[in-house]
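Each residue of the sequence shown is one higher than the one before, starting from 0 at the first, in numbering that gives the first Met the number 0. Only one structure is covered here, and it is reproduced in the block below.
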Amino acid sequence: MIGVQFIRFVNSVSGADAQQITSRPAGVEAFLPISALVALKSWIANGVFDQIHPAGLMIFLAAISLSILWKRVFCSWICPFGTLSEGLALWGQKLLGRNFSLPRWPDYFLRSLKYFILAFFIFFIFVLMDGAAAYAFLQTPYNIIADVKMLNFFKNISGIGISVIIGLIILSILIRNFWCRYLCPYGALLGLFSMLSPWKVRRNPTSCISCTKCSIACPNQIRVDKALNVWSPECSGCLNCVEECPVSDTLKFDLPKPSFSLNQKTLSLGIIIFWIVFIGVAKLSGHWENGISIELYKKLIPLAEQLNHF
Ligand code: SF4
Ligand code: SF4
Numbered sequence: 000m001i002g003v004q005f006i007r008f009v010n011s012v013s014g015a016d017a018q019q020i021t022s023r024p025a026g027v028e029a030f031l032p033i034s035a036l037v038a039l040k041s042w043i044a045n046g047v048f049d050q051i052h053p054a055g056l057m058i059f060l061a062a063i064s065l066s067i068l069w070k071r072v073f074c075s076w077i078c079p080f081g082t083l084s085e086g087l088a089l090w091g092q093k094l095l096g097r098n099f100s101l102p103r104w105p106d107y108f109l110r111s112l113k114y115f116i117l118a119f120f121i122f123f124i125f126v127l128m129d130g131a132a133a134y135a136f137l138q139t140p141y142n143i144i145a146d147v148k149m150l151n152f153f154k155n156i157s158g159i160g161i162s163v164i165i166g167l168i169i170l171s172i173l174i175r176n177f178w179c180r181y182l183c184p185y186g187a188l189l190g191l192f193s194m195l196s197p198w199k200v201r202r203n204p205t206s207c208i209s210c211t212k213c214s215i216a217c218p219n220q221i222r223v224d225k226a227l228n229v230w231s232p233e234c235s236g237c238l239n240c241v242e243e244c245p246v247s248d249t250l251k252f253d254l255p256k257p258s259f260s261l262n263q264k265t266l267s268l269g270i271i272i273f274w275i276v277f278i279g280v281a282k283l284s285g286h287w288e289n290g291i292s293i294e295l296y297k298k299l300i301p302l303a304e305q306l307n308h309f
């Protein structure tokens with residue numbers, strides 16, 4: 000919905016009938032995680048909250064806060080790429096009767112890829128870039144219309160781009176959560192923050208009957224039946240394992256003490272409330288809509304293809 004509204008906005012700004020400007024959905028900035036990372040650096044270094052893509056930084060902070068609270072629930076309950084990935088895997092199951100998984104060592108190796116990609120961005124933005132450079136980047140015309148450039152990338156997609164997307168679709172049909180498991184640096188970052196979460200999937204070994212239903216249900220191939228508490232940064236808080244456990248009070252998504260367990264219904268309700276409150280506060284406090292004028296958009300959008308980041 001945000002994508003469609005954003006296309007309408009760009010068309011209304013750049014089209015012949017520029018009198019009827021459609022409003023720009025600020026949520027489109029969720030698709031600019033690198034800009035959000037630079038904005039975070041600038042905020043920490045300069046104490047100035049980004050006014051070019053404030054919604055991008057707020058969504059980034061909301062995702063991190065959610066991870067610290069309830070594991071990587073952003074990935075399993077909110078992220079549209081996660082939803083797409085799950086849908087493709089289900090399709091693969093129907094088509095081929097099963098999804099495949101890689102042998103242990105290639106799996107370990109490939110799982111480290113997303114951390115390498117994350118380390119590259121963290122090193123580049125938090126080590127090589129100083130506060131002044133981060134602030135200067137945020138003000139560049141390139142960053143101002145980074146969302147438009149992203150749209151143009153998909154509108155005028157190259158042969159290489161199409162091949163990569165088709166390759167990812169095929170791999171996601173064959174291997175469950177291929178993108179999330181091996182390549183997504185955003186998920187890698189949230190996974191690291193999620194290790195701080197006090198809520199974890201906790202197994203009671205006394206009542207557990209070792210049926211392995213929890214491990215079979217886990218989309219991230221975690222051996223829940225062998226763990227007492229699931230610490231893994233791969234856990235996306237989907238609670239499929241908890242729902243599948245046949246023995247009551249044996250597997251819970253719980254605090255260490257005092258017990259306050261959540262099931263899929265209460266967790267999803269909590270996530271919705273958290274998200275609405277976080278975004279609502281961002282809107283009411285002026286950290287959502289950017290201050291870019293329509294005149295500047297009109298000037299920059301036709302130049303989008305010529306704008307580079309420096
Ligand atoms: S099934 Fe359980 S262990 Fe696996 S990702 Fe979901 S919540 Fe985490
Ligand atoms: S599903 Fe429940 S009973 Fe079965 S192995 Fe997992 S925790 Fe134990």
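Note that beta-carbon positions come from the ideal geometry of N, C-alpha and C, so glycine has one too. Here the structure is a predicted model, which means the values were calculated and not measured.
Contact set for residue i: own chain, Cβ-Cβ below 7 Å, skip 5 residues either direction
i, result
"Cys-217", "Val-223, Asn-239 and Cys-240"
"Ser-75", "Gly-81, Ser-235, Gly-236 and Cys-237"
"Ser-267", "Trp-76"
"Gln-263", "Leu-238 and Glu-242"
"Ser-292", "none"
Contact test: residue i Cβ vs ligand 1 heavy atom, cutoff 8 Å
i, result
"Lys-113", "no"
"Ser-41", "no"
"Asn-219", "yes"
"Leu-31", "no"
"Val-280", "no"
"Lys-264", "no"
"Val-237", "The identity of residue 237 in the sequence shown is Cys, whereas the question assumes Val. Flag set: Cβ of Cys-237 near ligand 1."
"Ala-88", "no"
"Cys-78", "no"
"Ser-284", "no"
"Ser-267", "no"
"Phe-252", "yes"
"Val-200", "yes"
Residue i Cβ short of 8 Å to ligand 2 heavy atom set
i, result
"Asp-224", "yes"
"Ser-231", "no"
"Pro-245", "yes"
"Ser-11", "no"
"Cys-240", "yes"
"Leu-227", "no"
"Lys-212", "yes"
"Arg-180", "no"
"Ser-260", "no"
"Cys-234", "no"
"Thr-364", "Residue numbering for the chain in the displayed model covers 0 to 309; residue 364 lies beyond these limits and cannot be assessed."
"Thr-82", "no"
"Thr-249", "yes"
Same chain, Cβ closer than 8 Å to residue i, five either side skipped, listed in chain order
i, result
"Cys-207", "Asp-224, Val-246, Thr-249 and Leu-250"
"Ala-145", "Leu-31, Ser-34 and His-52"
"Met-194", "Trp-230 and Pro-232"
For residue i, the three-state DSSP class (helix, strand or coil)
i, result
"Leu-31", "coil"
"Arg-7", "helix"
"Asn-228", "strand"
"Ile-221", "coil"
"Phe-177", "helix"
"Phe-153", "helix"
"Phe-48", "coil"
"Thr-82", "helix"
"Gln-305", "helix"
"Cys-207", "coil"
"Leu-65", "helix"
"Lys-297", "helix"
"Ser-162", "helix"
"Cys-74", "helix"
"Glu-242", "helix"
"Cys-213", "helix"
"Pro-53", "helix"
"Gly-190", "helix"
Same chain, Cβ closer than 6 Å to residue i, five either side skipped, listed in chain order
i, result
"Ser-13", "Ile-300"
"Ala-88", "Asn-98 and Arg-175"
"Ile-131", "According to the sequence as given, residue 131 is Ala; it is not Ile. Nothing meets the Cβ criterion."
"Leu-56", "Ala-35, Ala-38 and Asp-49"
"Arg-201", "Asn-228, Lys-251 and Asp-253"
Cross-strand partners of residue i (DSSP beta bridge)
i, result
"Ile-94", "In the sequence as presented, Ile is not what sits at residue 94; that position holds Leu. According to DSSP, which records beta bridges pairwise, Leu-94 is partnered with nothing at all."
"Arg-202", "Leu-250"
"Phe-99", "Ile-174"
Contact with chain D by residue i, beta-carbon distance below 9 Å
i, result
"Phe-252", "Checking the listed chains, one finds no chain D in this structure; it contains a single protein chain."
Item checked: Inside the stretch 260 to 295 only - alpha helix (DSSP H) runs reaching at least 4 residues -> Listed in chain order, the complete alpha helix (DSSP H) runs (minimum 4 residues) inside the stretch 260 to 295 are 263 to 283.
Item checked: Uninterrupted alpha helix (DSSP H) stretches inside the stretch 110 to 145 (no shorter than 4 residues) -> Within the stretch 110 to 145, the runs of alpha helix (DSSP H) at least 4 residues long that lie entirely inside it are, in chain order, 130 to 138 and 140 to 143.
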